[in-house]
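Just so you know, the sequence shown maps onto residues -19 to -1, 1 to 104 in mature numbering (1 follows the signal peptide of the UniProt record, and there is no 0).
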Amino acid sequence: MRKFLLAGAMMMAATIAQADPAQIAETAKGPTLVDAAGMTLYTFAKDSAETSACNGPCAANWPPLMAGSDAMPMGEWSVIIRDDGSKQWAYKGQPLYTWVKDQKPGDITGDGFLEGAWHVAQP
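This is how it looks when you write it as structure tokens:
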């Protein structure tokens, strides 16, 4: 019984300690998801639900919002497995990325890139 209670308490502590992987900030597009550094997050129209189509050179320009090996889905946040086996955060099933050409928090220079395939991620 004691082991069961201890395991349950540890799971609860881990759940409480895990915060949302992104925050909401105001940009020229309105409320937008941003990473811990305040950089705009984007979605890619070529992704399918829970699957990233942005790998290799694409991921060098559009770095994925990486999830730790122990990351757990919560609410509208899920964790996907990338082609290389690493984990990435997704919001409402859409994998999230930053854009290397955004220079400072609030920049949205990737919005509409590649004939409209990239969009700022909004809650």
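Heads up, the beta-carbon is just placed ideally off N, CA and C, and yes, glycines get one too.
Once you ignore the five residues that flank serine 67 on each side, which residues in its own chain have a CB closer than 6 Å to its CB? none
Have a look at Gly93, Val101, Tyr78 and flag the residue whose alpha-carbon is nearest the alpha-carbon of cysteine 39. Tyr78
Once the 5 residues before and after threonine 8 are set aside, which same chain residues still bring their CB inside 7 Å of it? Thr21, Gly87, Ile89, Val101
From alanine -1 to proline 12, what distance separates their C-alpha atoms? 19 Å
Can the beta-carbon of tryptophan 70 be found less than 7 Å from the beta-carbon of leucine 46? yes
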